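In order, the protein sequences belong to chains P and Z.
Positions in the first sequence are counted from 1; adding 9 to them yields this note's numbering.
Positions in the second sequence are counted from 1; adding 531 to them yields this note's numbering.
Report on the structure given below.
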Amino acid sequence: DGGITQSPKYLFRKEGQNVTLSCEQNLNHDAMYWYRQDPGQGLRLIYYSQIVNDFQKGDIAEGYSVSREKKESFPLTVTSAQKNPTAFYLCASSIDRGSLTTDTQYFGPGTRLTVL
Amino acid sequence: QQQVKQSPQSLIVQKGGISIINCAYENTAFDYFPWYQQFPGKGPALLIAIRPDVSEKKEGRFTISFNKSAKQFSLHIMDSQPGDSATYFCAAIFGNEKLTFGTGTRLTIIP
Chain P
10 DGGITQSPKY
20 LFRKEGQNVT
30 LSCEQNLNHD
40 AMYWYRQDPG
50 QGLRLIYYSQ
60 IVNDFQKGDI
70 AEGYSVSREK
80 KESFPLTVTS
90 AQKNPTAFYL
100 CASSIDRGSL
110 TTDTQYFGPG
120 TRLTVL
Chain Z
532 QQQVKQSPQS
542 LIVQKGGISI
552 INCAYENTAF
562 DYFPWYQQFP
572 GKGPALLIAI
582 RPDVSEKKEG
592 RFTISFNKSA
602 KQFSLHIMDS
612 QPGDSATYFC
622 AAIFGNEKLT
632 FGTGTRLTII
642 P
């Protein structure tokens with residue numbers, strides 16, 4: 010069963026604590042992405058990675074960190090520096106064919122993080 | 532700077548009617564325009580996509596109309612059904628750059 014898995018589906022944390030969201034894909038995709046979704050604001054890119062051991066900041070990277078040690082995994086850490094971390098977090102992946110073409114991004118089911 | 536503007540924010544359509552969602556973009560370098568469908572509590576799923584070398588693409592009840600000169604594209608859902616009730620996002624991308632999403636349209640189909 011191929012796809013993108015995110016765990017857990019719901020996550021609660023106390024203010025000031027770091028929390029790591031998991032994202033795993035078995036699609037053999039090169040590129041992986043993290044988005045944040047808030048009501049009425051669409052999807053905003055946090056970080057993305059096109060190859061292992063390399064990643065770039067997206068539009069709203071402050072207060073977040075990522076790692077890409079394996080092709081299949083792209084965990085996101087929400088740090089205590091993130092001012093408003095409560096949101097729905099979505100992971101996505103795509104084949105990266107370089108600069109010539111674009112491939113579709115496939116999304117995971119999301120993790121809803123609530124900071125109390 | 533919002534490079535893809537989507538309207539309306541919400542839309543209510545009667546069952547069997549046509550749902551129309553519009554998007555406008557600014558970057559003329561965009562070369563791929565996907566539409567995503569998202570149900571509550573789920574991740575977005577690719578619905579249909581178009582490249583600017585065609586003016587229309589149809590898949591079942593879903594059609595994308597593309598107007599390159601006006602820098603606009605729209606999603607039409609024919610014979611709308613209650614199961615189509617979801618949030619729809621348009622998006623645009625150039626090469627292998629990051630996707631730019633519209634702000635979403637919450638579509639509700641009423642009996």
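Note that the Cβ used here is the ideal one computed from N, Cα and C, for glycine as well.
Computed from a predicted structure; not experimentally measured.
- Can you tell me the Cα-Cα spacing of Gly67/P and Arg22/P, whole angstroms? Looking at the two C-alpha atoms, the distance is approximately 24 Å.
- Message: According to DSSP, simplified to helix, strand and coil, what is Pro565/Z?
- Response: strand
- Item | Candidates Gly547/Z, Ile641/Z, Ala555/Z, of which the one nearest Asp610/Z by Cα | Gly547/Z
- Item | Straight-line Cα distance separating Thr636/Z from Tyr567/Z | So the two alpha carbons sit approximately 11 Å from each other.
- Query: So who's on the other strand from Ala622/Z, going by DSSP bridges?
  - Reply: In the DSSP output, where bridge partners are listed per residue, Ala622/Z has Phe632/Z.
- Message: Let me see if you follow: with CB-CB separation under 9 Å, is Tyr567/Z close to chain P or not?
- Response: yes
- Message: For a quick check, are the C-beta atoms of Pro539/Z and Phe564/Z less than 9 Å apart?
- Response: no
- Query: Near Arg77/P, which residues of its chain fall below 8 Å by C-beta distance, leaving aside the five closest residues on each side in sequence?
  - Reply: Met41, Ser58, Ile60, Val61, Asn62, Asp63, Phe64, Phe83
- Query: So with Cβ pairs under 9 Å, would you call Phe64/P a contact of chain Z?
  - Reply: no
- Message: So, at 6 Å on beta carbons, what are the nonlocal neighbours of Asp615/Z in its own chain, with the 5 sequence-adjacent residues on each side left out?
- Response: Cβ-Cβ distances below 6 Å link Asp615/Z to Ile608, Ile640 in the same chain, with the five nearest sequence neighbours on each side left out; the list follows chain order.
- Who are the near neighbours of Thr123/P in its chain, counting only those whose CB is closer than 6 Å to its CB and skipping five residues on each side? Phe21, Thr95
- Item | Closer than 8 Å at the beta carbon, the chain P residues around Leu578/Z | Per Cβ cutoff of 8 Å: no residues; Leu578/Z is ~11 Å from chain P at best.
- Message: I'd like to confirm the pairing. Which residues does DSSP put opposite Glu590/Z in its beta bridges?
- Response: Phe593/Z
- Message: Is there a Cβ of chain Z sitting closer than 9 Å to that of Leu54/P, yes or no?
- Response: yes
- Message: Does chain P have any CB closer than 9 Å to the CB of Thr479/Z?
- Response: What the structure shows of chain Z is the stretch from 532 to 642, and residue 479/Z is not part of that stretch, so it cannot be assessed.
- Item | Buried versus exposed call for Val585/Z [16 or more other C-beta atoms within 10 Å across all chains shown] | Under this definition Val585/Z is an exposed residue.
- Query: Excluding five sequence neighbours on each side, which residues of the same chain lie with their C-beta closer than 7 Å to the C-beta of Ala617/Z?
  - Reply: Counting only Cβ-Cβ distances below 7 Å, and skipping sequence neighbours, we find Gln568, Gln569, Phe570, Leu638.
- Item | Burial state of Tyr73/P, where buried means 16 or more other Cβ atoms lie within 10 Å | buried
- Item | Contact list for Leu99/P against chain B, beta-carbon separation under 8 Å | The structure shown has no chain B; the protein chains it does contain are P and Z.
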